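Accompanying notes for the structure given below.
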Amino acid sequence: MSEFEPKIITFLCNWCSYGAADLAGVSRFQYPPSMRVIRVPCSGRVSPKMILSAFRKGADGVWVSGCHPGDCHYISGNYYARRKFDVLNEMLEYVGIEKGRLHFSWISSAEGVKFAAVAKDVIETVTKLGPAKKFIKKLPEVA
Amino acid sequence: MDAYTDKIKEISKKILSEGKVDVVIGFRKGTLGYMSEPYMAKSEKEAENLVFDCNCRMNLVNYVTNRKDKVGIVVKGCDSRNLVTHIIENKIKREQLYIIGVPCTGLADKKALLDLAEGEITSVEDDNETITIKGDGFEKKVAKSDVLQSNCKTCIKRNPVIFDELAGPEVAELEISDRFADVDEVEKMSADERWNFFGELLSECTRCYACRNACPLCYCPTCFVDESRPQWVGKSDNETDVLTYHFLRAFHDAGRCTDCGACEAACPMDIKMRYFTRKTIKDCVEKYGSEAGMELDKRPALDQYKINDPNEFIK
Chain A
472 MSEFEPKIIT
482 FLCNWCSYGA
492 ADLAGVSRFQ
502 YPPSMRVIRV
512 PCSGRVSPKM
522 ILSAFRKGAD
532 GVWVSGCHPG
542 DCHYISGNYY
552 ARRKFDVLNE
562 MLEYVGIEKG
572 RLHFSWISSA
582 EGVKFAAVAK
592 DVIETVTKLG
602 PAKKFIKKLP
612 EVA
Chain B
36 MDAYTDKIKE
46 ISKKILSEGK
56 VDVVIGFRKG
66 TLGYMSEPYM
76 AKSEKEAENL
86 VFDCNCRMNL
96 VNYVTNRKDK
106 VGIVVKGCDS
116 RNLVTHIIEN
126 KIKREQLYII
136 GVPCTGLADK
146 KALLDLAEGE
156 ITSVEDDNET
166 ITIKGDGFEK
176 KVAKSDVLQS
186 NCKTCIKRNP
196 VIFDELAGPE
206 VAELEISDRF
216 ADVDEVEKMS
226 ADERWNFFGE
236 LLSECTRCYA
246 CRNACPLCYC
256 PTCFVDESRP
266 QWVGKSDNET
276 DVLTYHFLRA
286 FHDAGRCTDC
296 GACEAACPMD
306 IKMRYFTRKT
316 IKDCVEKYGS
326 EAGMELDKRP
336 ALDQYKINDP
346 NEFIK
């Protein structure tokens, strides 16, 4: 139990990245099992509230992945997402969250190899940073 | 400033008597000498109470959201940009509005006035160059530039972008050399220093939501802080909850904030929450070249996209 194993919340878009995760699975590509996948209809569906929620509950890293620009099932969802994520990423760094806790990627459903590679990269980066200490709500939530 | 007041009264009486509007939203003298309060004049007689001075810190666009009647409204340069955003976001129709634009020379910082006073302030007079603070047994004159609100020092649009009538001749726009100096200062710190900086900045916050209620952009029927299923942010004054609140509030304003300063002026604890919103303004200007509320046919930065937007941060 000496080595730190991070918990990473992963948002995958239904049409591309989730398919890529599936392909990586059936192709038996190896990557560490440190992430929990949440399937979303589109990367544009991922709200900053969801990402902050993950950090508030103690996630060591968050990774959001969607279709390549131009390939969105809903035509433009990932274009809007790109602007949103860019501003969010800057803001999180601005308040003092370490660079490398939040990751984004475009992975198509044919790129099982890229999925495994990015997964490995994300997990390695977060492991190096160590356990998250900032933005965690330690007290119980009361309504 | 008296000239502005007279002109605003004159225009308001005219449009009220002609039946062009049902109400004029403006300012009147507050009960405290250094505050002016929002006022709705519904008759020519009531229009006599309208004023404009360096204490008109509130953003009146907050009061036109979803109105069904015809409204006259007094707007400064920054407020007029919020009005544009409101029209774009279908919160009010242009036809419903009669806009009285005020070419603005800046507002006086509430705290700066209080620090200068040697007792209770009974009146603050402003002639666009000097401000005279009067109170119990004292009278002080200061240059207006010395007590300006910090957002007025970096103002990019002092003249209204949209108006039906102006309350005075247009003023010269400011020449700003280093618009985002305060944000750059914070960005230079290390991650831990920034974390501590914001912890310190928000340590006094009591979560009264005055900043949210003062903001014309915050018009959601249910604010995320009031949602309970799912609950995105706790209700306590715990530091994580406070940071989550300010962080998300700023993010909701990203690409829409005009830096009017109503949030800071409304804060009873003098928290500088514009450090958050200004970061979003800086990003939207630098990354997308988008300034909020400058044109009626340009949607906010996060509500549009370009094929070649920055992509380097994505694997």
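From first to last, the protein sequence lines are chains A and B. Okay, so the first sequence: first residue is 472 according to my numbering, each after it adds one. Okay, so the second sequence: first residue is 36 according to my numbering, each after it adds one. Beta carbons are placed, not taken as given, at the ideal position from N, Cα and C, and that holds for glycine. Quantities reported herein were computed from a predicted structural model and do not represent experimental measurements.
Exposure of residue i, with buried meaning 16 or more beta-carbon neighbours within 10 Å
i                 : result
Leu149 of chain B : exposed
Asp305 of chain B : exposed
Cys292 of chain B : buried
Phe348 of chain B : exposed
Leu494 of chain A : buried
Pro303 of chain B : exposed
Ala55 of chain B  : The amino acid occupying residue 55 of chain B in the given sequence is Lys; Ala does not appear at that position. With fewer than 16 other Cβ atoms within 10 Å, it is exposed.
Met472 of chain A : Bear in mind that a pLDDT of 49 at Met472 of chain A, under 50, signals an unreliable position, so the number given afterwards is only what the model happens to contain. Exposed.
Gln501 of chain A : exposed
Ala216 of chain B : exposed
Val58 of chain B  : buried
Cys513 of chain A : buried
Val613 of chain A : exposed
Asp261 of chain B : exposed
Arg264 of chain B : exposed
Cys243 of chain B : exposed
Thr165 of chain B : exposed
Pro256 of chain B : exposed
Within chain A, partners of residue i - CB distance below 9 Å
i                 : result
Leu337 of chain B : Tyr551, Arg554, Lys555, Val558
Asn101 of chain B : Those do not exist, as Asn101 of chain B stays about 24 Å from chain A at its closest Cβ, beyond 9 Å.
Asp344 of chain B : Pro540, Tyr550, Arg553, Arg554, Asp557
Leu283 of chain B : Pro519, Lys520, Leu523
Within chain B, the residues that residue i reaches when beta carbons sit closer than 7 Å
i                 : result
Pro512 of chain A : Under the 7 Å cutoff, chain B gives no residues; its nearest Cβ is about 17 Å from Pro512 of chain A.
Tyr502 of chain A : Those within 7 Å of Tyr502 of chain A in chain B number zero; the least Cβ separation is about 14 Å.
Ser579 of chain A : Those within 7 Å of Ser579 of chain A in chain B number zero; the least Cβ separation is about 13 Å.
Ser505 of chain A : In chain order: nothing, as chain B lies at least about 17 Å away.
Ser547 of chain A : Tyr340
Three-state class that DSSP yields for residue i in the structure shown
i                 : result
Gly490 of chain A : helix
Trp267 of chain B : coil
Tyr244 of chain B : coil
Phe173 of chain B : strand
Tyr39 of chain B  : helix
Thr120 of chain B : helix
Ile274 of chain B : Reading off the sequence, residue 274 of chain B comes out as Glu, not Ile. In this structure, Glu274 of chain B counts as helix in the three-state DSSP scheme.
Ala588 of chain A : helix
Met472 of chain A : Its pLDDT being 49, under 50, Met472 of chain A is placed unreliably by the model, and nothing is read from it.
Ile546 of chain A : coil
Met506 of chain A : strand
Leu617 of chain A : The structure shown does not extend to residue 617 of chain A, since chain A is modelled only from 472 to 614, so the question has no answer here.
His281 of chain B : helix
Lys322 of chain B : helix
Asp161 of chain B : strand
Arg193 of chain B : coil
Assumed close pair residue i, residue j - CB separation to whole angstroms, cut-off 8 Å
i                 : j                 : result
Pro503 of chain A : Ile607 of chain A : That belief does not hold up - the Cβ atoms of Pro503 of chain A and Ile607 of chain A are roughly 22 Å apart, past 8 Å.
Asn163 of chain B : Met36 of chain B  : 7 Å
Val508 of chain A : Val517 of chain A : Val508 of chain A to Val517 of chain A, Cβ: 13 Å. No contact.
Lys350 of chain B : Val584 of chain A : Not a contact, Cβ separation roughly 13 Å.
Ile479 of chain A : Val597 of chain A : 6 Å
Close Cβ partners of residue i (< 6 Å) along its chain, the five nearest in sequence each way excluded
i                 : result
Ile17 of chain B  : Limits of chain B in this structure are 36 at one end and 350 at the other, which puts residue 17 of chain B out of reach.
Pro519 of chain A : Leu559
Gly141 of chain B : Leu183, Cys187
Contact list for residue i against chain B, beta-carbon separation under 9 Å
i                 : result
Ile607 of chain A : Thr275
Gly515 of chain A : Correct list: empty, because the minimum Cβ distance to chain B is about 10 Å.
Pro477 of chain A : The contacting residues do not exist; Pro477 of chain A stays about 17 Å from chain B at best.
Same chain, Cβ closer than 7 Å to residue i, five either side skipped, listed in chain order
i                 : result
Lys126 of chain B : Thr100, Asn101, Tyr254
Ile43 of chain B  : Gly61, Leu85, Phe87, Val109, Ile135, Ala202
Glu569 of chain A : Leu600
Leu236 of chain B : Ile306, Lys307, Tyr310
Leu278 of chain B : Phe233, Leu237
Glu72 of chain B  : Phe62, Arg63, Gly65
Thr241 of chain B : Asp272, Met304
Chain-order list of residues whose beta-carbon lies under 8 Å from that of residue i (same chain, five-residue window excluded)
i                 : result
Pro138 of chain B : Gly112, Arg193, Asn194, Pro195, Leu201, Ala202, Gly203, Pro204, Glu205, Val206
Met329 of chain B : Arg116, Val119, Lys192, Val196
Lys67 of chain B  : Residue identity check: residue 67 of chain B is Leu in the sequence provided, not Lys. Cβ neighbours of Leu67 of chain B beyond the five flanking positions: Ile156.
Val268 of chain B : Phe259, Val260, Asp276, Thr279, Tyr280, Leu283
Lys359 of chain B : There is simply no residue 359 of chain B to check, as chain B begins at 36 and stops at 350 in what is shown.
Contacts of residue i in chain B (Cβ-Cβ under 8 Å)
i                 : result
His574 of chain A : Lys350
Leu610 of chain A : Gly269, Ser271, Asn273
Gly571 of chain A : By Cβ distance, chain B contributes nothing, its closest Cβ being about 10 Å from Gly571 of chain A, past 8 Å.
Proximity test, residue i beta-carbon vs the ligand SAH heavy atom, cut-off 7 Å
i                 : result
Val109 of chain B : The model on display carries no ligand, and the ligand SAH is accordingly not part of it.
Chain A residues whose Cβ lies nearer than 7 Å to that of residue i
i                 : result
Thr279 of chain B : Leu523, Arg527
Arg229 of chain B : Tyr565, Val566, Gly567
Glu220 of chain B : By Cβ distance, chain A contributes nothing, its closest Cβ being about 12 Å from Glu220 of chain B, past 7 Å.
Chain-ordered chain A contacts of residue i [CB-CB under 8 Å]
i                 : result
Phe286 of chain B : Pro519, Val558, Leu559, Met562
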